[in-house]
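Going by the numbering used here, the first residue of the sequence shown is number 225, and it counts up by one from there. Notes follow the structure.
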Amino acid sequence: MHSMHIPERRHPWQVIKPYLNVFDGPLMLILFLLLSVSSMAMYSAGYDHGSRFDDHLRNIMISFVVMWMAALMPPQMLMRLAVPLYTIGVGLLIAVAMFGIVKKGARRWIDVGVVIQPSELLKIAVPLMLAWFFQKREGTLRWQDFAGAAILLVIPVALIAKQPDLGTSLLVLASGFYVIFLAGLSWKVLLGLFLTGMASLPIVWSVLHDYQRQRVLTLIDPTTDPLGKGFHIIQSMIAIGSGGVSGKGWFKGTQAHLEFIPERTTDFLFAVYSEEFGLIGNLALLFIYLLLIGRGLLIAANAPTVFTRLLAGALTMILFTYAFVNMGMVSGILPVVGVPLPFMSYGGTAFVTLGLGVGMLMSIQRHRKLVQT
225 MHSMHIPERR HPWQVIKPYL NVFDGPLMLI LFLLLSVSSM AMYSAGYDHG
275 SRFDDHLRNI MISFVVMWMA ALMPPQMLMR LAVPLYTIGV GLLIAVAMFG
325 IVKKGARRWI DVGVVIQPSE LLKIAVPLML AWFFQKREGT LRWQDFAGAA
375 ILLVIPVALI AKQPDLGTSL LVLASGFYVI FLAGLSWKVL LGLFLTGMAS
425 LPIVWSVLHD YQRQRVLTLI DPTTDPLGKG FHIIQSMIAI GSGGVSGKGW
475 FKGTQAHLEF IPERTTDFLF AVYSEEFGLI GNLALLFIYL LLIGRGLLIA
525 ANAPTVFTRL LAGALTMILF TYAFVNMGMV SGILPVVGVP LPFMSYGGTA
575 FVTLGLGVGM LMSIQRHRKL VQT
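So, in structure tokens, the structure goes:
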């Protein structure tokens, strides 16, 4: 009489564990610290702002789902997605230019059943595409290859700048530039580009929109229009300065709660945080961002292929650019261009984009460990 084979019952943890192992421990710890600070700042800035805090928590959860899905994908799949994502993104940008939705004088959105902003997709699609481009030319790079990469970068940047959306076009430009630079762009070429850029400033100034010129003039001297274009920067600088060394305390920021800081849950959340937690709080936040960027660069340095190395390096430097530009504009040292503070500012699209980027970093790190074992 044959004994029946009874399958061994697996503990639920054994079933779940492989799916949770995709997360990188150090990155998760850093994100936990950053999102704890983010939740505190958002609760203070948005508690009297409808359901803003609840929506912020929802955006965090959505970004973690996106992060998990991206971390599950092997880098080979990311490579296969590079060309389709880039092509779809550029196609949608062309569609936006032809028959997009206009809001507040800008044509940035398109209705495809739901209203979307295609330029956000390019923040990830451009570095993916360029990393794929250089992977295919590994070991045989010539100046023509860098020229080809520059064309691939300029097309979406020009389409986004035309909408007009200066902030997003600069972020997409930066994301692509980092890939080209990390692929081995010569310092002589960089110097030449810098000098050419400086020489072309008068031409750039002539093609800027009036509101963009006003932003630059306001940056130089915000007091020229203290109740208009300069209001954001002046109030933000007052908030940061009044925080002092140790801050006024949680919920005790007068600039925010007396409605002096515009967009206090989105672009100018850093001003709210600075007023309440002061220089000490700012240094702690900067340290967390340095940990995040350091971990990303470590993943990039140890990545096994050209594609993963370039992609991880670019994704990490995008996080740096987001943080640097946002803190710079809120502090009055850069023009106001509408760039969120990563994993801090309110915004569903930004959280999804950032979650996707960090998920890709985790995928690259996990793949390296699997190759080693």
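Cβ atoms here follow ideal geometry from the backbone N, Cα and C, with glycine treated the same way.
query: Going by other Cβ atoms of all chains shown within 10 Å of its Cβ, with 16 needed for buried, is Tyr402 buried or exposed?
result: Residue 402 sits at position 178 when you count from the first residue of the sequence shown. Buried is the call here.
message: When you compare the region 428 to 438 with the region 373 to 384, are there three or more beta-carbon pairs, one atom per stretch, that lie closer than 8 Å?
response: no
task: Within 10 angstroms of the Cβ of Asp601, are there 16 or more other Cβ atoms? Answer buried if so, exposed if not.
output: Any property of residue 601 remains undetermined from this structure, which presents the chain solely from 225 to 597.
message: Suppose the cutoff is 6 Å on Cβ atoms and the five residues either side in sequence are ignored; what does the same chain contact list for Arg590 look like?
response: Position 366 of the sequence shown, counted from the start, is the residue given in the question as residue 590. Once the five neighbours on either side are set aside, the close Cβ partners of Arg590 are Val246.
message: Tell me which residues share the same chain as Ile334 and place their Cβ nearer than 7 Å to its Cβ, disregarding the 5 neighbours each side in the sequence.
response: Numbered from its first residue, the sequence shown carries residue 334 at position 110. Leu316, Ala319, Val320, Gly324, Ile325, Ile340 and Pro342.
message: Measuring CB atoms only, is the region 366 to 377 touching the region 528 to 543, in the sense that at least three cross pairs come out at less than 8 Å?
response: no
task: Kindly list the residues whose CB is nearer than 7 Å to the CB of Met225, restricted to its own chain and excluding five residues on each side of it in sequence; keep chain order.
output: By one-based count along the sequence shown, residue 225 stands at place 1. Residue placement at Met225 is poorly supported in this model, since its pLDDT is 48, which falls under 50; the coordinates still yield a value, given next. Once the five neighbours on either side are set aside, Met225 has no close Cβ partner at all.
- request: From the DSSP output, in three-state form, read off Trp333 for me.
  value: As a first step, residue 333 is located in the sequence shown; it is residue number 109 there, counting from the start. In the structure shown, Trp333 sits in a strand (DSSP, three-state: E or B).
query: Thinking C-beta only, is Phe357 closer than 8 Å to Leu376?
result: On the sequence shown, position 152 is the one that residue 376 refers to. On the sequence shown, position 133 is the one that residue 357 refers to. It is a contact, given that the beta carbons lie within the stated cut-off.
- request: Could you name each continuous beta strand (DSSP E) segment of 3 residues or more that falls completely within the region 311 to 398, going from the start of the chain to the end?
  value: 325 to 327 and 330 to 335
message: For a test of the three-state rule: what should DSSP assign to Ile557, helix, strand or coil?
response: By 1-based counting over the sequence shown, the position of residue 557 is 333. Three-state DSSP puts Ile557 in coil, outside helix and strand.
task: With distances taken Cα to Cα, identify the nearest neighbour of Leu390 among Arg437, Leu516, Arg592 and Leu345.
output: Walking along the sequence shown from the start, residue 390 turns up at place 166. Of the candidates Arg437, Leu516, Arg592 and Leu345, the one whose C-alpha sits nearest the C-alpha of Leu390 is Arg437.
- prompt: Exposed or buried, what is Thr602 when buried is set at 16 or more other beta-carbons lying within 10 Å of its beta-carbon?
  reply: Outside the modelled stretch of the chain, which goes from 225 to 597, sits residue 602, for which no answer is possible.
field: Rounded C-alpha distance that separates Ile458 from Arg304
entry: The residue you call residue 458 lines up with position 234 of the sequence shown. The residue you call residue 304 lines up with position 80 of the sequence shown. The alpha-carbon atoms of Ile458 and Arg304 are separated by roughly 47 Å.
task: Please determine, among Met461, Val336, Met293 and Leu415, the residue with the shortest C-alpha to C-alpha distance to Met553.
output: As a working note, residue 553 is residue 329 in the sequence shown. Ranking the options by Cα distance to Met553, first place goes to Met461.
query: Relative to the alpha-carbon of Leu397, which residue among Leu346, Pro388, Tyr435 and Val530 has its alpha-carbon at the smallest distance?
result: Stepping through the sequence shown from its first residue, residue 397 is reached at position 173. Checking every option, the nearest Cα to that of Leu397 belongs to Leu346.
Cα-Cα separation between Thr540 and Ile254, rounded to whole angstroms: In the sequence shown, the residue the question calls residue 540 occupies position 316. In the sequence shown, the residue the question calls residue 254 occupies position 30. Thr540 and Ile254: Cα-Cα distance of roughly 14 Å.
query: How would you write the range of the alpha helix (DSSP H) that Tyr497 sits in, first residue to last?
result: For the purposes of this step, residue 497 is identified with residue 273 of the sequence shown, where counting begins at 1. Element bounds for Tyr497: Leu493 to Ala525.
field: For Ser287 and Phe575, believed in contact at Cβ under 8 Å, the rounded distance
entry: One-based indexing of the sequence shown puts residue 575 at position 351. One-based indexing of the sequence shown puts residue 287 at position 63. About 4 Å; that satisfies the 8 Å criterion.
task: Indicate the three-state DSSP secondary structure (helix, strand or coil) for Trp474 in the structure shown.
output: Taking the first residue of the sequence shown as 1, we reach residue 474 at position 250. In the structure shown, Trp474 sits in coil (DSSP, three-state: anything other than H, G, I, E or B).
field: chain C contact for Gln589 (CB, 8 Å cutoff)
entry: Annotation note: the requested chain C is absent from the structure, which comprises a single protein chain.
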